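Below is one structure, written out as structure tokens; the observations come after it.
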Amino acid sequence: MTEVSRTRARGRRSRPHTRRDSAPDQNPHLRVPFITRRIPPYDLLDEEALVRIEQAADRILAEIGMEFREDPETVELFRQAGGKVRQVSPETWNIKFEPGMIREILRTAPSRFTQYARNPANSVEIGGDAMVFAPSYGSPFVMDLDKGRRYGTIEDFQNLVKLAQSSPWLHHSGGTICEPTDIPVNKRHLDMVYAHMRYSDRAFLGSITAPERARDSIEMCRILFGPDFVEQNCVILGNFNTTSPLVLDGITTRGIREYASAGQGSIHLPFLLGGAVSPLTMAGAIAQCLAESMTSCALTQLVRPGAPAVLAGFLSSMSLRSGSPTFGTPEPALGSLVMGQLARRLGMPLRCAGNFSTSKQPDAQAMQQSMMSMMSAIQGGANYILHSAGFLDGLLSMSYEKFVMDTDMCGALHAYLRGIEVTDDTLGVEALAEKGPGEHLFGTEHTLRHYQSAYWDSALNDDQPFESWEEQGSIDAAQRANTRWKSILDQYEAPPMNADTDEALQDFIARKKASMKDAWY
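Counting in my numbering, the sequence shown runs from 42 upward without gaps.
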């Protein structure tokens, strides 16, 4: 029996309770394995502007082309599909694509798919009107108010997975939630994937830093879910970056092929810094993003038609005085709205934006920038939102305090995305009629019926009068967050895992580690 079948009944039994008490953050009516949006996405550009962007992307692919490095098998796949290949050096090729060719290849990519979790109650849908929040990804440093900024360790990695698992407002465990620098580079992927499997029962991302590490991630999923289940279902995603401008290196393309050949999902993300690796103007950056992401996605369909693939965009502005990236600014937010429109026209799921910030502390700047960026993903119709919690310092640092501040915001977005239901009951005319003009509504039947679910209830905000706040020590949001993440970890309980499965995973990890020497770069 696989881990999925063992936990199927348990997953049904473990759904959150619906009782509400006097503690904060009691929002059982908002808790879902993924969000089904009930508000429409915002369409920023008209048809003419969208067509011009798509035509610019086609021109990029037809006239400039994409460069491929150190992977002749990928080059041959595109050659057979009709790409015009020109060898630039022994290990480098330029491929140009006729307008419409890449879109035609992408016709077999699913517009929506399921990523299964080991607890079936936590499986997620990606695409269409479904939206998934996942933690931040890739920071080499972590920080908190007690110890400051430091290199991440496997203990930090495990702690952050536990925080994500404990939040009802995240749906996905994420991937490299921080870089565990105390483990050799060539072995740390094993510990990271295991941490997601052991300390969370949600869906997760696997390793992409080398093809063999991608294979290890998928093989560990075969142990966890069973090989037959993995062959027929998506249980893991890889988050792949193009090398902008207009390059796909061999490590990336071989990793994409590993995931696709196993029928697993992949995200295809250009990281575009305006004026550095993309045009400074947002329209040009969007066109380049579309061209790069579509080409990367297309590789999955050449390997295995129907393999899940996610279009993606990481659009960033830059301080032209210092050359530093700037996050949470308005222009990339507008770009995310347009990427949403383009993804819907293409019929593909989208990953973009998140709680981005360049602030060095969990402060007002951090949350202002985060809200600007996150709302663009919400309004733009993104389906998978990585970096939903913890992002600070321009992605260089994962903050424990900002993690819980961000997840609290994610809870509010659950309520926002529900929209407004208009029925005879919600219009509440009888509530006004019950006591008549000039009378309060505290004790009306309508109020008593709706008080548990009418409003989102923050776990972190201080909404009491100034005098009460002052008497209690004038504690600010970052200090409250510091107390909260410690409390969450103190109360954390790992989701149960079958002992035989756990033993098989640990045996696989031990054998893989013993088969190679440590490498620290």
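Every residue gets a Cβ at the ideal spot worked out from N, C-alpha and C, and that includes glycine. Note that the structure is a prediction, hence the values are computed from the model and not measured.
When the alpha-carbon of residue 219 is set against those of 282, 344, 433 and 261, the nearest one is in 433.
Contact between the region 70–82 and the region 162–173 is present: 3 or more CB-CB pairs across the two stretches fall below 8 Å. Among the bridge pairs identified by DSSP, residue 128 is matched with 134. Contact between the region 314–332 and the region 120–132 is absent: fewer than 3 CB-CB pairs across the two stretches fall below 8 Å. Taken through DSSP and simplified to helix, strand or coil, residue 275 comes out as strand. Closest in alpha carbon position to residue 339, among 148, 553, 356 and 413, is 148. Residue 514 is classed as exposed because its beta carbon has fewer than 16 other beta carbons within 10 Å across all chains shown. Residue 289 places its beta carbon less than 8 Å from that of residue 337. If you look at residue 350, you'll find it isn't in any alpha helix (DSSP H); it sits in the beta strand (DSSP E) that goes 350–359.
Per DSSP, residue 308 is one residue of the beta strand (DSSP E) stretching across 306–310. Contact between the region 197–211 and the region 223–242 is established, with three or more Cβ pairs separated by less than 8 Å.
If you check the CB distance, residue 420 and residue 356 do not come in under 8 Å. Note that the C-beta distance between residue 361 and residue 144 is not below 8 Å.
For residue 284, the CB contacts under 6 Å within the same chain, skipping 5 residues up- and downstream, are 290 in chain order. Under the three-state reduction of DSSP, residue 108 is assigned to strand. Annotation note: the region 364–438 contains the following uninterrupted alpha helix (DSSP H) runs of length 4 or greater, listed N- to C-terminal: 371–387 and 405–421.
For residue 171, no alpha helix (DSSP H) run applies; the uninterrupted beta strand (DSSP E) run containing it begins and ends at 171–174, by DSSP. Taking all protein chains in view, the Cβ of residue 516 is surrounded by fewer than 16 other Cβ atoms within 10 Å, so the residue is classified as exposed. Taking a C-beta distance under 8 Å as the contact criterion, residue 310 and residue 392 qualify as a contact pair. Take the alpha-carbon of residue 179 and the one of residue 217: they are about 5 Å apart. Residue 246 is bridged by DSSP to 278. 243 is the residue among 183, 93, 243 and 185 whose C-alpha sits nearest the C-alpha of residue 538. Measuring C-alpha to C-alpha distances from residue 325 to each of 96, 69, 559 and 254 identifies 96 as the nearest. Under DSSP, residue 123 shares a beta bridge with no residue. Per DSSP, the unbroken beta strand (DSSP E) holding residue 167 starts and ends at 165–168. Take residue 226, set aside five residues on each side of it, and the residues of its chain with a beta-carbon closer than 7 Å to its own are 560, 561 and 562, in chain order. No Cβ-Cβ contact shorter than 8 Å links residue 351 with residue 292. Here residue 306 is not near residue 532, since their CB atoms are 8 Å or more apart. The Cβ atoms of residue 398 and residue 344 do not sit closer than 8 Å to each other. The residue among 241, 304, 280 and 300 with its C-alpha nearest the C-alpha of residue 272 is 304.
Sequence-distant partners of residue 358 (beyond 5 residues in either direction) whose C-beta falls short of 6 Å from its own C-beta, in its chain, are 315, 367, 370, 372 and 373. Annotated three-state conformation of residue 213 is strand, per DSSP. Within the model, the alpha-carbon separation for residue 422 versus residue 71 is close to 19 Å.
Distance from the Cα of residue 471 is smallest, within the candidate group 484, 459 and 133, for 484. In the structure shown, the three-state DSSP call for residue 157 is coil. Distance from the Cα of residue 151 is smallest, within the candidate group 385, 490 and 282, for 385.
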